[in-house]
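Chains as they are written, first to last, in the numbering used here: chain A, 1 to 184; chain B, 1001 to 1288.
For glycine and all other residues, C-beta sits at the position ideal for the given N, C-alpha and C.
Every value quoted in this text rests on a predicted model; they were computed, and no experiment measured them.
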Ligand code: SF4
């Protein structure tokens, strides 16, 4: 990818406010994985006032359910899943300090508004490039909800994981901009 | 004393079906078809947006990693959709056909380290842990062969698929509007560039079936009916004018192809189904 901004979670408000829709970023450090079923449980824990399996503050959640790792490799294919399915669960997580989400596809107007309010951004990774993205993952460990199989929460370590800013704090949406530019 | 005529039926053992289905599950997930790769290369030439070009390049690189290292190209290794063309003179021996296929799915998803993405009940949502059951579509055809096509179908694009029972008065224009709107609403969610399968006519379920069947046609092969082929090309152009582009970041190439399959329909209706397939347009077949 072309020149990109390097990010290492936990992210601060300043890190977030510097980002603009369309920016290429690469992430090195820790990400947490969660999909629909894990989100449902996280939100249930929050509503009961219980402790989450990891501290949300400044962190990035990657919406992914990897394939099982072949012996000798860290993780199987690990590309992003479609994000709108997480929309119903996202706002409480943002309120809890979550700073970034990586997925693919559009977010709801409510989630976009909440991102501005709680100072968080939404990144897209290359959808369907699971084999390629897995090369940027150097460690993977299940930390919660093992019974959910591919939907368990994993703590993963990434190196130069490529993504692109879709929604920033200023109401921009890369998907809408792109269409405006190329529609005829 | 009725001497029964001697009929020689060809026999096929269920175990052979299991082995082949297992192999096809893995091949489909590791090895993107040459027709899709060619379409991606052509898309790269047409694409004007720089990010669009970059994405197309990454998708080809991803396919190459998957093929050479025998890992799935995408983490969503799909619902195992299986199309059968079963010759009426073939006899399956040594087991139950449906179970033979499901056993093949079980083995293929285990041995290939593919993701198990099926939950046993739509509400309870407990993973079946072996990616079964398959969705099996069977057509009985003349002859004594069995053709099996395994088409793992990802959720991202499946979830954006649509069906409408249009009025006859809506005509070709109505069909076009519905197809283009379906792609527009899917936007980035379905991992474009897409293969757009359109089922036209028939009944409610027939249209849906045809739209899925349209996805396993080789890219580059148009409908044999010139009028429908023309419609495929018109739709492709309109879809690509939407500007959604590779993965929705804006660009010239939103779809690689539009495939229409049609069937006669009732005097009162004009069913149309749109089944979207992402760029991971996976299917492998064998004839036994
Ligand atoms: S829509 Fe297709 S390419 Fe995208 S994540 Fe799903 S299966 Fe993979």
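Which residues DSSP lists as bridging residue i, in chain order
| i | result |
| --- | --- |
| residue 62(A) | 33(A) and 102(A) |
| residue 1025(B) | Note: residue 1025(B) sits in no beta bridge, so no partner. |
| residue 1152(B) | 1080(B) |
| residue 1286(B) | 1148(B) |
| residue 1106(B) | DSSP lists no partner for residue 1106(B). |
| residue 1222(B) | Its beta-bridge partners do not exist; DSSP assigns none. |
| residue 1091(B) | 1011(B) |
| residue 122(A) | 101(A) and 167(A) |
Supposed contact pair residue j and residue i - C-beta distance, whole angstroms, cut 8 Å
| i | j | result |
| --- | --- | --- |
| residue 1152(B) | residue 1077(B) | 6 Å |
| residue 131(A) | residue 77(A) | 5 Å |
| residue 80(A) | residue 102(A) | 6 Å |
Assigned secondary structure, residue i (DSSP; H/G/I helix, E/B strand, else coil)
| i | result |
| --- | --- |
| residue 1123(B) | coil |
| residue 1112(B) | coil |
| residue 1(A) | Model confidence at residue 1(A) stands at a pLDDT of 45, short of 50, so the residue's coordinates are unreliable and nothing is read from them. |
| residue 1051(B) | helix |
| residue 170(A) | coil |
| residue 143(A) | strand |
| residue 49(A) | coil |
| residue 11(A) | coil |
| residue 1060(B) | helix |
| residue 1128(B) | coil |
Whether residue i touches residue j by CB criterion (9 Å)
| i | j | result |
| --- | --- | --- |
| residue 85(A) | residue 36(A) | yes |
| residue 87(A) | residue 64(A) | no |
| residue 143(A) | residue 158(A) | no |
| residue 1174(B) | residue 1117(B) | no |
| residue 1031(B) | residue 1066(B) | yes |
| residue 46(A) | residue 100(A) | no |
| residue 29(A) | residue 3(A) | no |
| residue 1198(B) | residue 1261(B) | yes |
| residue 1191(B) | residue 1105(B) | no |
| residue 33(A) | residue 160(A) | no |
| residue 1187(B) | residue 180(A) | no |
| residue 1281(B) | residue 1195(B) | yes |
| residue 1015(B) | residue 1094(B) | yes |
| residue 1283(B) | residue 1141(B) | no |
| residue 127(A) | residue 1278(B) | yes |
| residue 1083(B) | residue 1139(B) | yes |
Rounded straight-line distance, which links the Cα of residue j to that of residue i
| i | j | result |
| --- | --- | --- |
| residue 22(A) | residue 1274(B) | 31 Å |
| residue 42(A) | residue 52(A) | 7 Å |
| residue 120(A) | residue 1145(B) | 58 Å |
| residue 1097(B) | residue 1125(B) | 27 Å |
| residue 1171(B) | residue 20(A) | 45 Å |
| residue 1189(B) | residue 1064(B) | 23 Å |
| residue 976(B) | residue 1074(B) | Because chain B spans 1001 through 1288 in this model, residue 976(B) falls outside it and cannot be assessed. |
| residue 113(A) | residue 122(A) | 12 Å |
| residue 1(A) | residue 1058(B) | Confidence in residue 1(A) is poor, its pLDDT being 45 and thus under 50, which makes the residue's placement unreliable; the coordinate value appears in the next sentence. Going by the C-alpha atoms only, they are around 9 Å apart. |
| residue 1319(B) | residue 1143(B) | One cannot answer for residue 1319(B) here, as it falls past the ends of chain B, which runs 1001 to 1288. |
| residue 117(A) | residue 1202(B) | 50 Å |
| residue 1236(B) | residue 82(A) | 24 Å |
| residue 97(A) | residue 1180(B) | 39 Å |
Residue i CB to nearest heavy atom of the ligand FMN below 8 Å
| i | result |
| --- | --- |
| residue 1076(B) | The model on display carries the ligand SF4 but not the ligand FMN. |
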